[in-house]
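Have a look at the structure below, then the notes.
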Amino acid sequence: MSDYPSGYLFYFSYTDIPESCERMEATLLWSHLAPTCPDTLAGYPMTSGDELTLRSNTDNPSCSSDYPDIYVAGCQPGQDASWRRSRLHWDDKDHNGALLVSVPRFDETLQLVLVHLHSLDCRLVRFDTSLLDEPE
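In the numbering used here, the protein residues as written are 10 to 145.
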């Protein structure tokens, strides 16, 4: 997912949540992946339901087939990548939900995040281009 759904929440003052992972978590707790649509994103009426909402038939949203295991947002503002687990409900103290991964713009930071799909461990990879700038 690009920056748009979570980034627009902050850029256009829909919310004052400053951290990218916090905004991503909010969209999961709201059960809507693009809450500013159609104001800031192109959206079209659907006859059978809203494809951007997460359906949940139980009290545990992680049991929904729509609830993601990993939620990645790229092109995030700032210079540092971050990741953590989300809460399943607003009042939860434990973070047992989806893995939230926020990745800054690669062209500005030369960073990417590798996710081990079995353990959900994350590793930050930084590319060093300092040797490319040295004269020969």
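Glycine is no exception: its CB is placed at the ideal position from the N, C-alpha and C atoms.
Who are Y53's beta bridge partners in DSSP?
Answer by DSSP bridge pairing: none, since Y53 is not bridged.
Strand pairing of C131, partner residues [DSSP]:
V124
Consult DSSP for S111 and reduce its assignment to one of helix, strand or coil.
strand
Could you name the residues of the same chain whose beta carbon sits closer than 7 Å to that of A90, not counting the 5 residues immediately before and after it, in chain order?
S111, V112, P113, Q120, V122 and L133
How far does the alpha helix (DSSP H) with R32 in it extend, from its first residue to its last?
S29 to L38
DSSP on T45, reduced to helix/strand/coil?
coil
Could you compute how far the alpha carbon of S74 sits from the alpha carbon of S139?
45 Å
Integer-rounded CB distance, given that L42 should sit under 8 Å from S95:
About 13 Å separates the two Cβ atoms, so there is no contact after all.
Which residues mark the beginning and the end of the beta strand (DSSP E) in which Q85 is found?
I79 to Q85
Please report the residue range of the beta strand (DSSP E) in which S91 lies.
S91 to R94
Using CA coordinates, which residue listed in P86, T62, N105 and D130 is at the minimum distance from T118?
P86
Spatial neighbours of D78 within its chain, please: C-beta separation below 8 Å, excluding the five flanking residues on both sides.
A107, L108 and L129
Distance check for Y76 and W99, CA to CA, integer angstroms please.
16 Å
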